[in-house]
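A.B. asks: Please read through the structure below; I'll follow up with questions.
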Amino acid sequence: MRIERAADAKYRPADWRFHFDENEIVVRLVRDIHSHPFGFLRELLQNALDTTRARASLGFDSANSFPNLLPGELRSKFPIQVCLCTEGGDVTSIQVHDQGLGMTSDVVQNYFLQIGRSWYRSQEFTRNFSFTPTSGFGVGFLSVFAVSSDVTVTTRWHLDGADSALLMHLPGPRNYLLFEDARRETPGTTVSVNLSKPVDLGAVKAFLEST
Numbered sequence: 001m002r003i004e005r006a007a008d009a010k011y012r013p014a015d016w017r018f019h020f021d022e023n024e025i026v027v028r029l030v031r032d033i034h035s036h037p038f039g040f041l042r043e044l045l046q047n048a049l050d051t052t053r054a055r056a057s058l059g060f061d062s063a064n065s066f067p068n069l070l071p072g073e074l075r076s077k078f079p080i081q082v083c084l085c086t087e088g089g090d091v092t093s094i095q096v097h098d099q100g101l102g103m104t105s106d107v108v109q110n111y112f113l114q115i116g117r118s119w120y121r122s123q124e125f126t127r128n129f130s131f132t133p134t135s136g137f138g139v140g141f142l143s144v145f146a147v148s149s150d151v152t153v154t155t156r157w158h159l160d161g162a163d164s165a166l167l168m169h170l171p172g173p174r175n176y177l178l179f180e181d182a183r184r185e186t187p188g189t190t191v192s193v194n195l196s197k198p199v200d201l202g203a204v205k206a207f208l209e210s211t
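All residue numbers for the sequence shown refer to the working numbering, where the first residue is 1 and numbers rise by one.
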């Protein structure tokens with residue numbers, strides 16, 4: 001069967017729709033969400049807080065859906081650590097370490113690497129957790145690439161063993177990524193950001209304290 005345009009038709013048959021330049025969109029997202037010099041660090045802390053709240057609230061029998069009101073003894077079992085590597089009074093790399101849920105390979109593939117899709121807005125999350133996460137749009141992690149082209153993520157899902165961890169080398173949002181098997185003693189995620197340009201130690205500490 002052949003379908004042709006009628007002789008008196010007014011329309012113009014063509015593939016009329018918007019097309020996205022994927023590379024340009026990613027570059028603009030990285031630039032636009034980097035409105036604060038330490039915005040990337042705020043995003044990493046928000047992610048760490050959300051996953052830690054989720055893990056702390058797992059299996060806790062309480063009508064209270066706000067994880068911050070869980071018993072202090074329980075919350076203290078899941079600390080978030082920020083480690084700063086310095087040289088001459090400047091910070092050269094930043095590491096954010098949590099003991100939250102961690103990520104499975106499926107979560108990494110379907111959410112972490114999917115720009116604009118957040119696991120915290122998925123049915124899987126809302127089915128199991130009732131609190132409102134601080135993260136939500138699935139683009140915040142991109143902000144790290146405004147300050148670094150050398151990012152490493154190590155993660156282990158809380159139900160998996162120590163030898164089931166995943167190590168990701170992320171040289172940028174549009175570069176090839178390297179995934180390796182890894183060992184991690186505790187569940188959770190560690191994000192290491194080697195800064196392209198050193199930043200003042202006092203400024204980083206002031207930002208962390210105010211945040």
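Beta carbons: idealized from backbone N, C-alpha and C, even for Gly. Given the structure is predicted, the values throughout are model-derived calculations rather than measurements.
#1: Who are the Cβ neighbours of Ser135 in its own chain at under 7 angstroms, not counting the five residues just before and after it?
#2: If you run the structure through DSSP and keep just helix, strand and coil, what is Asn175?
#3: Excluding the five sequence neighbours on either side, which residues of its own chain have a C-beta within less than 6 angstroms of the C-beta of Leu58, listed in chain order?
#4: Looking only at C-alpha atoms, which of Asn194, Asp150, Glu4, Thr190 sits nearest to Gln99?
#5: Among the residues of its own chain, which have a CB less than 7 angstroms from the CB of Pro171, if the five just before and after it don't count?
#6: Nearest-angstrom Cα distance between Ser164 and Leu178?
#7: Could you tell me which residues DSSP puts in a beta bridge with Arg156?
#8: Grab the span of the beta strand (DSSP E) containing Asp90 for me, first residue to last.
#9: Is the beta carbon of Thr152 less than 8 angstroms from the beta carbon of Leu166?
#10: What residue range does the beta strand (DSSP E) around Glu87 cover?
#11: Note down, in chain order, each residue of its chain lying with its Cβ closer than 8 angstroms to the Cβ of Ser105, except the 5 sequence neighbours on either side.
C.D. replies: So, to answer that:
#1: The answer, listed in chain order, is Gln46, Asn47, Asp50, Ser118, Tyr120.
#2: The three-state reading of DSSP puts Asn175 in coil, since its state is none of H, G, I, E or B.
#3: Hits under 6 angstroms: none found.
#4: Here the closest residue by C-alpha is Thr190.
#5: These residues qualify, in order along the chain: Ser149, Asp150.
#6: Going by the C-alpha atoms only, they are around 16 angstroms apart.
#7: In the DSSP output, where bridge partners are listed per residue, Arg156 has Gly188.
#8: Residues 90–97.
#9: No, they are not a contact pair.
#10: First-last of the beta strand (DSSP E) with Glu87: 81–87.
#11: Cβ neighbours of Ser105 beyond the five flanking positions: Leu166.
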